[in-house]
Amino acid sequence: MIRMPEPDQQVLARRDDIIAALRHIVPGEGVIASENELRAFECDGLTAYRQLPLAAVLPSTTAQVAEVLRYCKANNVRIVPRGAGTSLSGGALPLADGILLGMGKFKQILEIDLPNRCAVVQPGVTNLGISQAVRGQGLYYAPDPSSQIACTIGGNVAENSGGVHCLKYGLTTNNVIGVEIVTLDGEIIRLGGKHFDGPGYDLLGALVGSEGMLGVVTEVTVRLLPIPPTARALMIGFPSIEDAGDCVAAVIASGIIPGGMEIMDKLATQAAEDFIHAGYPLDVAALLIVELDGCAAEVDHLVTKVESIATQHQAVNCRASTSEEERLLFWAGRKAAFPAVGRISPDYYCMDGTIPRKRIAEVLRRMSEMEQTYGLRVANVFHAGDGNLHPLIMYDGNQPGELQRAEDFGADILRLCVEVGGVLTGEHGVGVEKRDLMPSMFNETDLNQQQALKCAFDDAGLLNPGKVFPQLCRCAELGRMHIHGGKLPFPELERF
Amino acid sequence: MTHHQPGDAAELSAIVSTAAAAGETLSITGGGSKRRLGRHAPTASTLDLSRITGIVDYEPAELVLTARAATPLAEIEGLLASQRQMLAFEPPDWRALLGHTGAPTLGGVLACNQSGPRRLKAGAARDHFLGFSAVNGRGEIWKAGGRVVKNVTGYDMCKLQTGAFGTLSALTEVTVKVMPRPETARTLLLPVTDATAALALMSTALNTPHEVSAAAYLPTAVLARSRVSGALPAGNGLVALRLEGPAPSVAHRTDALEAAFGTSARLIDVDSSTLWAEIGAVRPLLDSAEIVWRLNPTPSKAVQLLHILAAQPCDASFFMDWGGGQIWIGLEAAQAGPDAKASAIRAALAQTGGHATLFAAPDELRAQTEVFEPLPPAHAALSQRIKRNFDPLGILNPRRIYKEF
Ligand SMILES: Cc1cc2nc3c(=O)[nH]c(=O)nc-3n(C[C@H](O)[C@H](O)[C@H](O)COP(=O)(O)OP(=O)(O)OC[C@H]3O[C@@H](n4cnc5c(N)ncnc54)[C@H](O)[C@@H]3O)c2cc1C
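Chains as they are written, first to last, in our numbering: chain A, 8 to 503; chain B, 2 to 406.
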């Protein structure tokens with residue numbers, strides 16, 4: 008298990024005072040302090056980790072957020088922001104001596120701006136809620152995490168979430184054009200907006216994916232896209248994962264960027280089929296789903312092209328959807344792959360590494376060797392277009408030692424991803440889960456440079472500590488390093 | 002003035018460490034093509050990265066390319082073209098605009114977030130930047146990001162480097178996402194009566210699902226300067242819409258747009274690419290204007306912005322790209338006055354939202370006038386803290402973006 012920072016005993020001792028002060032800022036039901044009610048917040052989607060927060064604070068205005076943060080800074084209280092709590096990396100895991108800042112009351116869609124094809128929403132609006140609100144206008148918000156009915160756009164911004172359509176349409180960072188944030192100092196800053204790009208450093212870009220550690224997001228402007236008139240899916244079976252991977256490479260090499268491209272291995276296909284009855288072939292080693300979207304002329308043209316590429320790559324069967332119902336059915340199994348695996352194992356642990364796609368066969372072979380070593384099975388779901396793997400490690404948390412084995416197995420998989428030229432996480436974030444693996448990708452200088460950014464936003468280290476960085480360096484120490492060997496630049500300027 | 006020319010990251014690191022100890026300020030250049038972009042802020046020495054070149058790795062099927070930072074853009078685009086791929090953000094050629102002949106480099110394109118007409122659909126340079134190695138203002142070699150297209154491990158430092166104009170670190174090696182080159186491209190030219198009609202047309206077209214990959218409005222005077230003007234219909238100006246993709250798709254979408262907006266003239270092949278190259282390059286369409294502003298308003302407010310500015314007595318020429326989200330304005334120095342019209346332009350933008358950049362102007366003007374939109378105080382203070390944490394001695398391109406740092 009990953010260790011969280013030691014709670015500050017002085018803060019714990021002042022709990023009653025802190026709660027009283029917070030109630031002053033967010034009156035009524037806005038501060039939750041009873042153990043019973045706090046249970047609801049004790050974990051996020053990484054359920055193996057649980058911790059009750061000092062208190063939960065549920066503000067409903069930006070001014071309240073600013074005042075809460077100012078209070079916390081003045082009183083040395085840590086803050087963990089939270090949206091819907093679906094993070095799979097423990098990004099929203101509470102701290103014993105910290106408040107949980109729930110953004111659930113920020114639920115309004117503030118503006119739908121058709122001429123500029125964007126929407127201004129509060130951070131607690133769900134990902135799907137945005138698309139639903141603009142569907143009547145023929146528009147949608149492209150990034151579509153599988154958790155989209157539940158997860159919030161604020162959480163998406165913090166995690167830079169992806170989805171099956173992100174190879175063609177981009178991740179959150181490519182589709183969010185503005186935010187309002189509150190810094191730990193209680194300053195309200197707007198980054199980006201409805202215009203293109205912006206002056207100065209791209210702080211919007213740095214904020215997206217910062218896992219709640221740089222500022223609290225209180226408003227988000229998202230880019231909307233016209234809904235493609237047609238979409239068709241192909242369901243293609245292969246005798247080996249390698250063939251499926253080669254087919255994906257050949258599709259891309261032929262100049263096609265499909266709306267989605269997903270591979271499932273035999274175990275995942277079987278579990279999904281047993282659960283959903285999508286008609287998946289069960290005699291294949293790998294199932295590839297390819298979705299093509301655009302105008303009908305384009306989609307039909309590309310379906311034919313992909314079919315012929317598949318045939319050249321040993322596909323044993325290939326079906327193209329001919330109706331919307333059929334397309335949705337092809338997807339239904341894939342979309343339910345996680346719960347389907349949940350049906351065949353008491354617990355599962357979802358990994359999220361990305362690899363160069365050409366290494367897929369090797370990575371899967373070594374993963375199956377690890378299955379032997381750890382005595383645990385893995386089902387594989389794979390965003391094939393961009394090489395993002397989701398191995399699902401099956402374990403039973405009630406068996407002593409199995410969780411630890413699953414975690415060790417997972418860590419080995421992620422180290423393998425890095426070893427073959429990939430990365431620790433493609434879309435779920437580092438959080439608590441992968442924090443201690445960061446040195447496998449980055450050396451101390453690299454990590455210090457990232458923390459230099461953190462220090463510019465939060466020099467007290469109070470915003471979501473214990474996530475992302477194996478060791479939080481003290482900003483003052485970074486500062487001392489900065490000055491050695493020379494004098495401060497621009498001594499005439501005010502220091503902030 | 003010392004001219005440093007490191008051959009690799011280790012030599013660069015040594016030079017920067019020494020410069021940091023001595024407080025020696027450095028101007029970073031790659032090919033030198035954008036030396037006159039940004040504030041005019043001379044330094045003690047030049048840090049010339051032009052020897053740090055070479056393509057390190059290119060995997061067409063993985064959609065990634067890694068190159069040393071000063072690799073000429075032309076070399077990269079040539080290699081990509083050989084595999085029918087491209088940089089989707091369509092980096093424009095600003096050499097004539099900025100009055101320089103140096104060869105643009107990939108690192109420079111990223112450092113300046115240099116994006117062309119397809120930015121409208123495909124995103125900016127920042128959206129295609131996946132990972133890098135660099136040397137910070139203390140001379141430390143560091144890296145961030147990765148060599149795969151999907152990665153959220155750690156903060157997105159690539160975004161921070163894009164558009165930082167070399168003020169945070171000197172890039173030594175970069176990895177970018179590449180995309181397939183569209184099989185066909187076609188530009189539809191639709192006559193319009195004025196800017197208001199043009200903006201409305203572009204907005205309507207962009208709200209259709211016909212995947213317009215670029216949308217510009219060219220008033221008559223500007224059109225006349227185009228090399229393809231012979232192929233253009235006469236009138237009060239044109240809206241140009243580009244469609245790209247497989248041939249059957251482009252044909253279908255052409256029909257759909259023409260059904261909605263009337264029959265248009267079409268540009269294909271070289272004529273289409275020439276027009277968009279001119280739009281990206283700006284200079285061919287604005288001719289010899291000494292002062293060039295780039296305005297990035299809220300797109301739907303583009304005409305309102307022009308109207309506010311038109312109240313100013315001056316004979317500017319302009320055109321719009323990015324569906325109204327980018328307006329290029331050319332002025333003669335004599336008309337522009339001592340601040341190059343900065344205060345008028347920025348006052349107008351305060352009403353419409355957005356920002357303005359004094360893009361091309363004589364050195365003295367770019368020393369006196371804020372080239373980039375001034376930031377609100379809290380935002381400025383935060384930016385300054387970031388600068389200090391990357392380059393504590395303020396030696397990398399100091400005052401290139403803002404005079405405070
Ligand atoms: C079944 C399932 C499927 C999933 N599928 C996908 C998928 O396909 N793709 C994908 O990318 N992810 C997926 N996820 C992961 C998760 O849904 C995303 O990371 C999501 O963005 C989290 O949103 P949330 O609102 O639940 O945020 P939370 O879990 O509450 O918080 C996540 C992080 O965001 C921070 N945060 C939240 N709100 C704010 C705010 N307003 N300001 C600042 N920081 C904030 C938190 O501090 C935390 O660090 C899945 C999760 C589950 C359970």
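Beta carbons: idealized from backbone N, C-alpha and C, even for Gly.
Can you list, in chain order, the residues of its chain whose CB lies under 6 Å from that of residue i, leaving out five sequence neighbours each side?
i                     : result
residue 273 (chain A) : 292
residue 19 (chain A)  : 104
residue 347 (chain A) : 278, 279 and 282
residue 29 (chain A)  : 38 and 64
residue 466 (chain A) : 482
residue 185 (chain A) : 199, 200 and 228
residue 17 (chain B)  : 136 and 140
CB-CB under 8 Å to residue i, same chain, minus the five flanking residues each way: which ones, in chain order?
i                     : result
residue 307 (chain B) : 196, 319 and 328
residue 354 (chain B) : 298, 299 and 302
residue 429 (chain A) : 360, 361, 362, 363, 366 and 394
residue 192 (chain A) : 76, 77 and 80
residue 381 (chain B) : 375, 403 and 405
residue 400 (chain B) : 40, 42 and 406
Would you mind telling me which residues of chain B sit closer than 8 Å to residue i, beta carbon to beta carbon, in chain order?
i                     : result
residue 202 (chain A) : 297, 298, 299, 300, 326, 354, 355 and 356
residue 215 (chain A) : 157 and 160
residue 395 (chain A) : 151
residue 457 (chain A) : 145, 155, 156 and 158
Going by DSSP, which residues form a beta bridge with residue i?
i                     : result
residue 49 (chain B)  : B:30
residue 5 (chain B)   : B:48
residue 258 (chain A) : None; residue 258 (chain A) has no bridge partner.
residue 397 (chain B) : B:27
residue 87 (chain B)  : B:180
residue 118 (chain A) : A:127
residue 159 (chain A) : A:133
residue 148 (chain B) : The partner list for residue 148 (chain B) (beta bridge, DSSP) is empty, contrary to what the question assumes.
residue 338 (chain A) : Answer is none; residue 338 (chain A) lacks a bridge partner.
List, in order along the chain, the chain B residues whose C-beta lies closer than 9 Å to that of residue i?
i                     : result
residue 308 (chain A) : 247, 248, 249 and 250
residue 316 (chain A) : In chain order: nothing, as chain B lies at least about 12 Å away.
residue 464 (chain A) : 383, 386 and 387
I want to verify the contact list: residues of chain A whose CB lies under 7 Å from the CB of residue i, in sequence order.
i                     : result
residue 114 (chain B) : 204
residue 402 (chain B) : 207
residue 208 (chain B) : 121, 124 and 233
residue 226 (chain B) : Going along chain A, no residue has its Cβ under 7 Å from residue 226 (chain B), so there is no contact; the nearest lies around 24 Å.
residue 340 (chain B) : Chain A residues near residue 340 (chain B): none, gap ~17 Å exceeds 7 Å.
Skipping 5 residues on each side, what residues in its chain have a beta carbon closer than 7 Å to that of residue i?
i                     : result
residue 502 (chain A) : Because residue 502 (chain A) sits at a pLDDT of 31, beneath the cut-off of 50, its placement in the model cannot be relied upon, and the following sentence gives the value as read from the coordinates. Hits under 7 Å: none found.
residue 171 (chain A) : 151, 267, 269 and 390
residue 32 (chain A)  : 71, 74, 75 and 78
residue 69 (chain B)  : 53, 54, 55, 57, 173 and 174
residue 398 (chain A) : 358, 374, 385, 387 and 420
Starting from residue i, find everything on chain A with Cβ-Cβ shorter than 9 Å and list it in chain order.
i                     : result
residue 184 (chain B) : 262
residue 373 (chain B) : 206 and 207
residue 12 (chain B)  : Those do not exist, as residue 12 (chain B) stays about 18 Å from chain A at its closest Cβ, beyond 9 Å.
residue 376 (chain B) : 206 and 207
residue 204 (chain B) : 121, 122, 123 and 124
Using a Cβ cut-off of 8 Å, pull out every chain A residue sitting near residue i, in sequence order please.
i                     : result
residue 163 (chain B) : 209 and 212
residue 60 (chain B)  : 363 and 365
residue 125 (chain B) : 203 and 204
Item checked: Against chain B: residues of the segment 427 to 439 of chain A by CB proximity under 8 Å -> Among the residues of the segment 427 to 439 of chain A, those with a Cβ less than 8 Å away from any Cβ of chain B are 428, 429, 430, 431, 432, 433, 434, 435, 436 and 437, in the order of the chain.
Item checked: Interfacial residues, the segment 354 to 383 of chain A to chain B, with Cβ spacing under 8 Å -> 361, 362, 363, 364 and 365
Notebook entry, point to check: If you measure beta-carbon to beta-carbon, which residues of the segment 379 to 399 of chain B are closer than 9 Å to chain A?
Noted result: 379, 380, 381, 382, 383, 384, 385, 386, 387, 388, 389, 390, 391, 392, 393, 394, 395, 396 and 399
Check: When you check each C-beta in the segment 251 to 270 of chain B against every C-beta of chain A, which residues fall closer than 9 Å?
Finding: 251, 252, 253, 254 and 257
Item checked: chain A contacts made by the segment 78 to 97 of chain B, where a contact means CB separation under 9 Å -> 84, 85 and 86
Next item on the list: Could you please tell me which residues of the segment 410 to 428 of chain A, in chain order, have their CB closer than 7 Å to any CB of chain B?
Entry: For chain B, the residues of the segment 410 to 428 of chain A that bring a beta carbon within less than 7 Å of one of its beta carbons are 428, in chain order.
Item checked: Residues, ordered as in the chain, of the segment 146 to 167 of chain A that lie near chain B by beta-carbon distance below 9 Å -> Listed by position, the residues of the segment 146 to 167 of chain A near chain B (Cβ gap below 9 Å) are 146, 166 and 167.
Check: In chain order, what residues of the segment 106 to 126 of chain A put their CB closer than 8 Å to some CB of chain B?
Finding: 120, 121, 122, 123 and 124
Item checked: Cβ-based contacts, 9 Å cut-off: residues of the segment 169 to 183 of chain B near chain A -> 169, 170, 180, 181, 182 and 183
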